[in-house]
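Everything below concerns the one structure shown next.
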Amino acid sequence: MSDIVIRCRENGPLVVPAATLKIVDHLGNAFPLPAGKENVALCRCGHSKVKPFCDGSHRAATFQASETAPQS
Ligand code: FES
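Just so you know, we're using the numbering used here here: the sequence shown kicks off at 15 and counts up by one.
Right, dumping it as structure tokens:
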């Protein structure tokens with residue numbers, strides 16, 4: 015069982031707890047994380063201008079993603 019929970023927002027980003035998070039680019043360089051935030055929102059719509067972070071562009075793009083996990 016993982017301690018990390020990534021939350022899929024309906025029609026929006028992936029929300030990840032920032033506490034122990036480190037995001038690196040393809041060269042291994044770390045992206046600065048937003049200061050003082052409990053969570054980080056990662057773009058999954060492809061429209062953000064600040065990838066890998068969500069900038070809210072998914073709303074204007076009317077991104078649709080409402081998949082649900084199997085019931086256990
Ligand atoms: S999910 Fe928000 S800009 Fe892509």
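Every residue, glycine too, gets a C-beta built ideally from N, C-alpha and C.
Keep in mind that this is a model prediction, so the values were computed, not measured.
Excluding the 5 residues preceding and the 5 following F45 in the sequence, name in chain order all residues of the same chain whose CB lies nearer than 6 Å to its CB.
I37
Around the ligand FES, Cβ to any heavy atom closer than 7 Å, ordered along the chain:
G26, P27, A55, C57, R58, C59, G60, H61, S62, C68, D69, G70, S71, H72, F77
CB-CB under 6 Å to C68, same chain, minus the five flanking residues each way: which ones, in chain order?
P27, A55, C57, S62
From C59, V64, T82, pick the residue whose C-alpha is nearest to that of T76; which is it?
C59
So A83 is in the alpha helix (DSSP H); what residue range does that whole segment cover?
No alpha helix (DSSP H) contains A83, which DSSP labels as neither H nor E.
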